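Comments concern the structure below.
There are 2 protein chains.
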Amino acid sequence: MKLKIGELAKMTGCQVVTIRYYEKEGLLERPERTERNYRLYGDGDIARLRFIRHCRQHGMSLAEIRTLLVYSDHPTGSCDWINRLIRTHIEAVEQQIRDLEHLKTHLESLYHKCDGNREGGCGILKSLIDGENCQYCQARQRRPGQERA
Amino acid sequence: MKLKIGELAKMTGCQVVTIRYYEKEGLLERPERTERNYRLYGDGDIARLRFIRHCRQHGMSLAEIRTLLVYSDHPTGSCDWINRLIRTHIEAVEQQIRDLEHLKTHLESLYHKCDGNREGGCGILKSLIDGENCQYCQARQRRPGQERA
DNA sequence: TCTTGACCCTATAGCGACTATAGGCCCTAT
DNA sequence: ATAGGGCCTATAGTCGCTATAGGGTCAAGA
Chain A
6 MKLKIGELAK MTGCQVVTIR YYEKEGLLER PERTERNYRL YGDGDIARLR FIRHCRQHGM
66 SLAEIRTLLV YSDHPTGSCD WINRLIRTHI EAVEQQIRDL EHLKTHLESL YHKCDGNREG
126 GCGILKSLID GENCQYCQAR QRRPGQERA
Chain B
6 MKLKIGELAK MTGCQVVTIR YYEKEGLLER PERTERNYRL YGDGDIARLR FIRHCRQHGM
66 SLAEIRTLLV YSDHPTGSCD WINRLIRTHI EAVEQQIRDL EHLKTHLESL YHKCDGNREG
126 GCGILKSLID GENCQYCQAR QRRPGQERA
């Protein structure tokens with residue numbers, strides 16, 4: 006049974022535009038077409054898209070997934086590279102959790118700085134202007150990026 | 006004492022290009038210029054840039070910071086909005102931590118799936134193809150985005 | 001005096017992973 | 001016959017920077 010793009014989208018929880026985007030990026034092969042030029046997908050495509058989505062859910066970049074797909078399509082003797090990839094991801098995730106925990110304590114101390122009115126100025130704004138003496142902040146000033154929380 | 010852009014950058018741990026970008030985005034006012042057209046910054050600018058950087062380190066978007074700056078420039082009687090903003094951020098951060106913890110357990114179970122060789126196929130790849138029965142994954146399939154780990 | 005290098009300027013394009021918009025064809029139901 | 005949904009392509013926009021190109025300014029050293 007062949008699926009149209011909308012059906013594949015529904016099955017995989019992936020948006021239609023995203024599927025087309027993956028095709029453009031070379032992650033999905035160009036599928037069959039109907040005589041009306043509609044894309045038609047088979048079982049292999051479903052599995053491949055699921056693979057891509059699982060990888061994305063595990064925080065892998067499209068570039069990494071591309072390489073994983075090559076390994077998957079042409080198996081070699083060892084999977085050292087794959088092991089390293091997973092290990093690296095685990096470490097990155099751990100670092101992100103630490104950063105977020107720290108950010109959370111900051112935000113909470115900020116939250117307690119407001120007494121509910123602006124007499125004498127809002128404590129939150131004041132703290133944001135003055136900043137706080139914090140190793141974390143100093144460190145983050147030197148390596149910006151990934152600051153979107 | 007007036008500062009050139011590079012000096013301001015050094016003081017705040019912000020890159021020169023980023024300062025110019027904030028100006029273009031209307032977060033920083035257009036500063037004085039020397040007769041050679043170099044930007045010159047005063048104390049007010051330093052404080053304002055520090056404010057912006059602190060907010061960014063707390064994960065606020067430039068749009069939110071823009072609004073905060075308006076509040077800061079034109080104080081009103083209440084800071085409900087600011088309180089809600091911080092509260093919302095704390096909740097978002099908590100959600101991200103939960104997501105990442107879950108992701109970490111997934112990655113770890115994945116890591117243990119590889120026995121070091123490819124005889125019969127790599128367990129990691131197999132798991133990625135098949136996915137795992139997991140509420141988390143199902144949920145994420147329905148609300149994508151924020152998947153960059 | 002010349003040149004080197006660090007700093008400054010503007011304008012524009014690129015990053016990643018989508019998302020949105022415009023403009024148009026196809027198909028079914030009312 | 002027309003309205004609504006799904007499909008197509010191509011292009012631009014999102015966010016918060018970052019990089020590149022192409023040029024002017026300025027102080028120190030050979």
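Protein chains in written order, with this note's numbering: chain A, 6 to 154; chain B, 6 to 154.
Heads up, the beta-carbon is just placed ideally off N, CA and C, and yes, glycines get one too.
Only a predicted model underlies this, so the values are computations on that prediction, with no experimental measurement involved.
1. I'd like the list of long-range same chain contacts for residue 70 of chain A, defined as Cβ closer than 6 Å, with 5 residues on each side in sequence excluded.
2. Inspect the beta-carbon positions of residue 63 of chain A and residue 74 of chain B and report whether they are closer than 8 Å.
3. Return yes when the Cβ of residue 45 of chain A is within less than 8 Å of the Cβ of residue 37 of chain A, no when it is not.
4. By Cβ distance below 6 Å, which residues in the same chain neighbour residue 18 of chain B in space, the five residues on each side in sequence not counted?
5. Closer than 8 Å, CB to CB, is residue 108 of chain B near chain A or not?
6. Assign residue 16 of chain B to buried or exposed, taking buried as 16 or more other Cβ atoms, counted over all protein chains shown, within 10 Å of its Cβ.
7. Can you check DSSP and say which residues form a bridge with residue 71 of chain B?
8. Mapping the DSSP letters down to three states, classify residue 43 of chain B as helix, strand or coil.
9. Which chain A residues sit within Cβ distance under 8 Å of residue 98 of chain B?
10. Please return the same chain residues whose Cβ sits closer than 6 Å to the Cβ of residue 41 of chain A, not counting the five positions on each side in sequence.
11. Given a cut-off of 8 Å, decide if residue 115 of chain A and residue 98 of chain B are closer than it, judged by their beta-carbon atoms.
12. So, with DSSP's three-state summary, where would you put residue 37 of chain B?
13. So the alpha helix (DSSP H) residue 66 of chain B belongs to, where does it begin and stop?
14. Take residue 21 of chain B and list the residues in its own chain whose beta-carbon comes closer than 8 Å to its own, dropping the five residues that flank it on each side.
15. With C-beta atoms as the reference, is residue 95 of chain B less than 8 Å away from residue 112 of chain A?
16. Check the DSSP bridge columns for residue 8 of chain B and list the partner residues they point to.
17. Quick one, which residues of the region 14-31 of chain A are near chain B if we go by CB-CB under 9 Å, in chain order?
18. Is the distance from the Cβ of residue 30 of chain A to the Cβ of residue 90 of chain A below 8 Å?
19. Would you say residue 64 of chain B faces chain A, with C-beta separation under 8 Å as the test?
20. Kindly indicate if chain B contains any beta-carbon less than 8 Å away from that of residue 116 of chain A.
21. Express the C-alpha separation of residue 47 of chain A and residue 7 of chain A in angstroms, rounding to a whole number.
According to the structure shown:
1. 57, 60
2. no
3. yes
4. none
5. yes
6. exposed
7. None, per the DSSP bridge assignment.
8. coil
9. 105, 108, 109, 112, 154
10. none
11. no
12. strand
13. Per DSSP, residue 66 of chain B belongs to no alpha helix (DSSP H) and is neither H nor E.
14. 10, 11, 14
15. yes
16. B:46
17. 17, 18, 19, 20, 23
18. no
19. yes
20. yes
21. 5 Å
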